[in-house]
Amino acid sequence: MAASILGRVSQLVRANVNAMLDSAEDPERMLDQLIRDFTDNIAEAEEAVAQTVGNLRLLEDDLREGEQAVSEWGSKARAAASKAEEMRSAGQTADAGRFDELAKVALRKQISFEASSRSMQTQVTQQTDLTNQLKDGLNKLRTKREELVSKRDDLVSRAKMAQAQRQVQEAVRDVSVMDPTSDLNRFEERIRREEAMARGMAEVSASSIEEQFASLEDAGAEVEVEARLAALRSAGSGSAGSGSSAGSGSMAGSGDLSASATSSGSAGGSGASTSEPR
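Counting from 1, position 25 in the sequence shown corresponds to residue 84 in our numbering; the numbering is continuous, with no gaps.
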């Protein structure tokens, strides 16, 4: 039992908790399960330590009793051997032989207890090592469990903080969506677009006005042309009415200038009537 528990304890102590948490879909649940596993194994390890310590104490008691028996039977063997020598010195050979036999019995007992004590000493050493390993593993389990509890508390705290921050961000986002300043910004943007449209229309209107003024200037120039043409026509008609030869010479000189203008027939008719009296 103790050996199997020690194996599980060693396995848990060597476990890479961080790697397990990294690969876990739900680290908090994984931590809870690990804490339960550590708690259960700590309880079993404590029971195993108590049992191995109890067995160790029994072995130590047996070892002390065996060592005491070795000492006692050694004393008895020495006493019997001494008595045998005393009897032989006194010439009591038969009694000496009997005490020699008693010394041998005591020595056999002593040898037996020595062998038993050596075996128990080996068991005590092994049990002591096992007990120390279990105690060390138990202490490591307790330390690691405390680390897991602390890690879980930190993880839960961080998860709650992250959730709170997420809720705050969502609240801020909702407030910004419902914030009247956002409507004001949209209204301001619409006004800016309308102002830009007005400026564009003004530029278009300005271009149209410039074009109108340009057409007026063109019309003014045409009026000037018509006025000058009318003046030329008027001048031509006055010269024809005087009937002088100088006027005829003038007409001859200006005939080319007014020839195209007299194609209407009225000026040509006047020229014909003045030539007939000649």
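Positions of the beta carbon are idealized from the N, C-alpha and C atoms, including for glycine.
Under the criterion of beta carbons closer than 8 angstroms, W132 and Q169 qualify as touching, at roughly 4 angstroms. The stretch 139 to 147 makes no contact with the stretch 211 to 227: fewer than 3 CB pairs, one atom from each, lie closer than 8 angstroms. In the three-state reduction of the DSSP assignment, D96 falls in the helix class, which pools H, G and I.
The Cβ-Cβ distance between L90 and R211 falls below 9 angstroms. Spatial neighbours of A162 in its own chain (CB-CB distance under 7 angstroms, excluding positions within 5 residues in sequence) are listed in chain order as A136, A139, A140 and A143. Contact between G125 and S176 holds, since their C-beta atoms are separated by about 4 angstroms, short of 8 angstroms.
Note that the C-beta distance between V108 and K194 is below 9 angstroms. By the 16-neighbour rule on beta-carbons within 10 angstroms, I250 is exposed. The alpha helix (DSSP H) runs lying completely inside the stretch 150 to 182 and spanning 4 residues or more number zero.
A residue is called buried once 16 or more other Cβ atoms fall within 10 Å of its Cβ, and Q186 is buried on that count. When DSSP states are grouped into helix, strand and coil, D91 belongs to the helix group. The criterion of a C-beta distance shorter than 9 angstroms is not satisfied by L189 and A104. Shown here, E84 sits in coil according to DSSP, grouped into three states, outside any helix or strand. Note on geometry: alpha-carbon atoms of E247 and A286 lie some 57 angstroms from one another.
Assignment of alpha helix (DSSP H) within the stretch 180 to 232, counting only whole runs of 4 or more residues, yields no such run. About 6 angstroms separates the beta carbons of E119 and V183, which is inside the 8 angstroms limit, making them a contact pair. Note on geometry: alpha-carbon atoms of S293 and A255 lie some 57 angstroms from one another. In chain order, R204, L207, V208 and R211 place their CB closer than 7 angstroms to the CB of I94, counting only its own chain and leaving out the 5 sequence neighbours on each side. Contact check for F172 against A102 fails: the beta carbons are separated by 9 angstroms or more.
Burial state of L288 is exposed, judged by a 10 Å Cβ sphere holding fewer than 16 other Cβ atoms.
Going by beta carbons, A155 and R147 fall inside the 9 angstroms limit.
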